[in-house]
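Numbering (our numbering), first residue to last: 78 to 332.
The structure appears below as structure tokens.
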């Protein structure tokens, strides 16, 4: 297993990582998701990808706690959609087991395709309507979102589309997402640990990620009512497009 001392970064890079994760935390506090969507494509360029994705699991698990403490745990959502959460559990384990066998260049390729697909889908017209309330929809979305989150921690957009299609209120979406990712990341840790992929290196690195993320989340929760949502979303989309372009470039030069 790679030791933490073997990961060498300059002070300037560490500061930039901390500032970036602070921003990611603010987005999480405002929207309820985006920790994985924003941070994973960047962190896998700076750290060994499988270590970065394992380490990020810990702060993602803990970062959902402040939102649930602030807004309350949506227990009714958990009991009303059992098929949704069962599919999430199964999909998460499948995603983790698939992730540990994927080469780095394929990780970059899949992340790039996923980001571009997410951005395209955000600007498509259409309404999922009552389909999202069906048991079949819950199982399909839960399974797909679980696989993507188990592998890359980036299933937020899938769950967001599903929840908004269910006509959940904005604050309700953020809280439900927090519960979903608390379950996914908790199961991810329990799966990675016996495989030897969640040890001291990943824990220490995860604690380092946690500090700026938590600070950002608390700021995001506090200023959520005052954020100009449309402009904020446009800024995040531009950032995601730039990240996708960088990942695509990495894949091209690798081949």
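Just so you know, even glycine gets a beta-carbon here, dropped at the ideal spot from N, CA and C.
Nothing here was measured: the structure is a model prediction, and the numbers come from that model.
By the Cβ-count criterion, residue 225 is buried, with 16 or more other Cβ atoms from all chains shown falling within 10 Å of its own Cβ. In the DSSP annotation of this structure, the continuous segment of the alpha helix (DSSP H) that includes residue 164 starts and ends at 159-176. One thing to note: residue 147 has its Cβ within 8 Å of the Cβ of residue 298. The residue among 107, 142, 185 with its C-alpha nearest the C-alpha of residue 320 is 185. The three-state secondary structure of residue 149, taken from DSSP, is coil. Per DSSP, residue 180 is not a residue of any alpha helix (DSSP H), being assigned neither H nor E. About 6 Å separates the CB atoms of residue 196 and residue 317; that is less than 8 Å, so the two are in contact.
The three-state secondary structure of residue 229, taken from DSSP, is helix. In the three-state reduction of the DSSP assignment, residue 318 falls in the helix class.
CA-to-CA, the gap between residue 172 and residue 239 works out to about 19 Å. Rounded to whole angstroms, residue 191 and residue 234 show a C-alpha spacing of 10 Å.
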